[in-house]
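*Asks:* Per this note's numbering, residue 54 is the first one in the sequence shown, and the count goes up by one each step.
Quick reminder that beta carbons are idealized off the backbone N, C-alpha and C, glycines included.
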Amino acid sequence: MQRRDFLRHGGLAGVLAAGAAPAFAQSQPEVKWRLTSSFPKSLDTLFGACDEVAKRVAAATDGKFQIRSFSAGEIVPGLQVLDAVQNGTVEMGHTISYYFFGKDPTFALDGAVPFGPSYRAQVAWMHQGNGLKLTRDFFKGYNVYNIPCGNTGTQMGGWFRKEIKTVADLKGLKFRIGGFAGQVLTKLGVVPQQIAGGDIYPALEKGTIDAAEWVGPYADEKLGFAKVAKFYYYPGWWEGGAQLSAYVSMKAWESLPKSYQAILEAACGDAHIDMMAKYDARNPQALKRLVSTGAQLRPFPKPVLEACYKAAQEVYAETYEKNPTFKKIHEDMLKFRDDSVLWFRVAERTYDDFMTSVKKS
Ligand code: CA
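(1) Any heavy atom of ligand 1 inside 7 Å of the beta-carbon of residue 359?
(2) Under a three-way DSSP split, which group does residue 368 fall into?
(3) With a threshold of 8 Å, are at least 3 pairs of Cβ atoms found where one atom belongs to the region 233-252 and the other to the region 318-331?
(4) Output needed for residue 300: all residues of its chain with C-beta closer than 7 Å, excluding positions within five of it in sequence on either side, in chain order.
(5) Which stretch, first to last residue, makes up the beta strand (DSSP E) that contains residue 92?
(6) Tell me, please, which residues DSSP counts as bridged to residue 302.
(7) Note down, one range per segment and in chain order, each beta strand (DSSP E) of at least 3 residues found wholly within the region 123-208.
(8) Contact between the region 169-177 and the region 201-209: three or more CB pairs below 8 Å?
(9) Can you have a look at residue 362 and say buried or exposed, based on whether 16 or more other CB atoms are within 10 angstroms of its CB?
(10) Which term fits residue 359, buried or exposed, when burial requires 16 or more other beta carbons within 10 angstroms of its beta carbon?
(11) Going along the chain, which unbroken runs of the alpha helix (DSSP H) with 4 or more residues stay wholly within the region 335-406?
(12) State the CB to CB distance for the pair residue 108 and residue 81, rounded to an integer number of angstroms; the pair is presumed to be in contact (CB under 8 Å).
(13) What residues come near ligand 1, if near means a beta carbon less than 7 Å from any of its heavy atoms?
(14) Between the alpha carbons of residue 419 and residue 260, how many angstroms are there, rounded?
(15) What residue range does the alpha helix (DSSP H) around residue 236 cover?
(16) Specify, as a first and last residue, the run of the beta strand (DSSP E) that residue 229 falls within.
(17) When the Cα of residue 229 is compared with those of 402, 411, 214, 119, which residue comes out closest?
(18) What's the call for residue 251, buried or exposed, on a 16-neighbour Cβ count within 10 Å?
(19) Is the distance from the Cβ of residue 211 to the Cβ of residue 272 below 8 Å?
(20) First and last residue of the beta strand (DSSP E) that includes residue 100?
(21) Count Cβ pairs between the region 155-175 and the region 384-393 that sit closer than 8 Å; are there 3 or more?
(22) What span of residues does the alpha helix (DSSP H) with residue 211 cover, start to end?
(23) So the candidates are 318, 248, 96, 276; which of them puts its Cα closest to the Cα of residue 180?
(24) Are residue 302 and residue 141 closer than 8 Å when you measure CB to CB?
(25) Which residue marks the beginning of the beta strand (DSSP E) containing residue 245, and which one marks its end?
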């Protein structure tokens, strides 16, 4: 349309009224997908990401591309999201990749590994470093196209019935913690326990377990751990910036028009920011409430963190021997993490330290 005609037809409103713009949408196919999540609806920040993605995709395609979300167990059990996407039972999944650590520890590099990057460094590694390329090469072997879709930030270290004052206090500790961190802590005498979210509280209450880690103040408060294990430790060094991921079956991904692919990636990017924003907005109030009702905040003593770090290096050395793909991606990630730590200690940390210490008027 010539500029003169455009003006005569009343600008964009005229174009829409004349039906010229919807021609784009009319030429696009109707697509209906099913998305299965690893999380129950009650975990609103985690499950909520699916609805955010679906809403944005529908809005950007005039409702032509519809994604219907199912919570864990509705059509696929929470820990079988990878299988369901890989074999095409569903077109899409939403999960955290370390759940599939047992298939290959390399999965965890797309989620979180002990002493891995913080949220900011993880995002930078994925989008400006080699993270996205390296993990996508790996996921291709599982017929999956992975898209970062959420982050929890640095998690808390969990709820303990007794204080951890020395490394020796870890010995014999029955701790609900999984995957890589469980392997690391085994070296220090911890007995890791795999328990689903809903079963943690009764196990802690009965004393079947001595401690449990979950996410952070907002998510932990909902499960009520403070009533049965009052020592609330930090930081969760096994999840310095735990990343959630959308999995798309490669066949479904390749069948999408380029415009839908771009819209889906953008929607996941929005949901990614939205999740971190929700945690950052809700954790401060939740932490205040937890402390006011009796939770005792404790940092892990430095010698404990150092012993865990050393044990992690042993687990990594063993993993490297068995798994060259893990080694290649992990080493790339560590180089990025170390540069990031170096930079963040200059401006960001100095600023944070000052703002923590200054008297606010
Ligand atoms: Ca956790």
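*Replies:* Looking at the coordinates:
(1) Locating residue 359 in the sequence shown gives position 306, where the first residue counts as 1. For ligand 1, not one heavy atom lies less than 7 Å from the Cβ of residue 359.
(2) Start at 1 with the first residue of the sequence shown, and residue 368 comes out as number 315. Helix, per DSSP.
(3) Touching, no, given that fewer than three Cβ pairs across the two stretches are closer than 8 Å.
(4) Counting from 1 along the sequence shown, the entry for residue 300 is found at position 247. Excluding positions up to five away in sequence, the list reads 134, 135, 138, 145, 146, 148, 197, 199.
(5) Working through the sequence shown from its first residue, we reach residue 92 at position 39. Careful: residue 92 lies outside any beta strand (DSSP E) and carries neither H nor E.
(6) As a position in the sequence shown, residue 302 is number 249, starting the count at 1. For residue 302, which the question treats as bridged, DSSP gives the partners 197.
(7) 145-148, 197-204, all fully within the region 123-208.
(8) yes
(9) Position 309 of the sequence shown, counted from the first residue, corresponds to residue 362. It is exposed - the Cβ of residue 362 has fewer than 16 other Cβ atoms within 10 Å.
(10) Your numbering for residue 359 matches position 306 in the sequence shown. By the 10 Å Cβ count, residue 359 comes out exposed.
(11) 355-375, 377-397
(12) Reading the sequence shown from its first residue, position 55 is the one you call residue 108. Reading the sequence shown from its first residue, position 28 is the one you call residue 81. No, residue 108 and residue 81 are not in contact; Cβ-Cβ is about 18 Å, not under 8 Å.
(13) 208, 266, 267, 268, 289, 292, 295
(14) A query on residue 419 cannot be resolved here, the shown segment of the chain reaching from 54 to 414 and no further.
(15) Along the sequence shown, read from residue 1 onward, the residue named residue 236 stands at position 183. It spans 232-239 - the alpha helix (DSSP H) in which residue 236 sits, taken as one unbroken run.
(16) Here residue 229 refers to the residue found at position 176 when the sequence shown is read from its first residue. It spans 227-229 - the beta strand (DSSP E) in which residue 229 sits, taken as one unbroken run.
(17) Here residue 229 refers to the residue found at position 176 when the sequence shown is read from its first residue. Of the candidates 402, 411, 214, 119, the one whose C-alpha sits nearest the C-alpha of residue 229 is 214.
(18) Position 198 of the sequence shown, counted from the start, is the residue given in the question as residue 251. Exposed: under 16 other Cβ atoms inside 10 Å.
(19) Here residue 211 corresponds to residue number 158 of the sequence shown, with the count starting at 1. Here residue 272 corresponds to residue number 219 of the sequence shown, with the count starting at 1. Going by C-beta atoms, residue 211 is not nearer than 8 Å to residue 272.
(20) Position 47 of the sequence shown holds residue 100. Per DSSP, residue 100 belongs to no beta strand (DSSP E); it is in the alpha helix (DSSP H), 97-113.
(21) yes
(22) Within the sequence shown, the letter at position 158 stands for residue 211. Note, residue 211: premise wrong, no alpha helix (DSSP H); beta strand (DSSP E) at 211-213.
(23) Position 127 of the sequence shown, counting from 1, holds the residue named residue 180. Closest by alpha carbon: 318.
(24) As a first step, residue 302 must be located in the sequence shown, where it is residue number 249. As a first step, residue 141 must be located in the sequence shown, where it is residue number 88. In contact: residue 302 and residue 141 (Cβ atoms closer than 8 Å).
(25) Counting from one through the sequence shown, the residue named residue 245 turns up at place 192. Taken as a continuous stretch (DSSP letters only), the beta strand (DSSP E) holding residue 245 covers 244-246.
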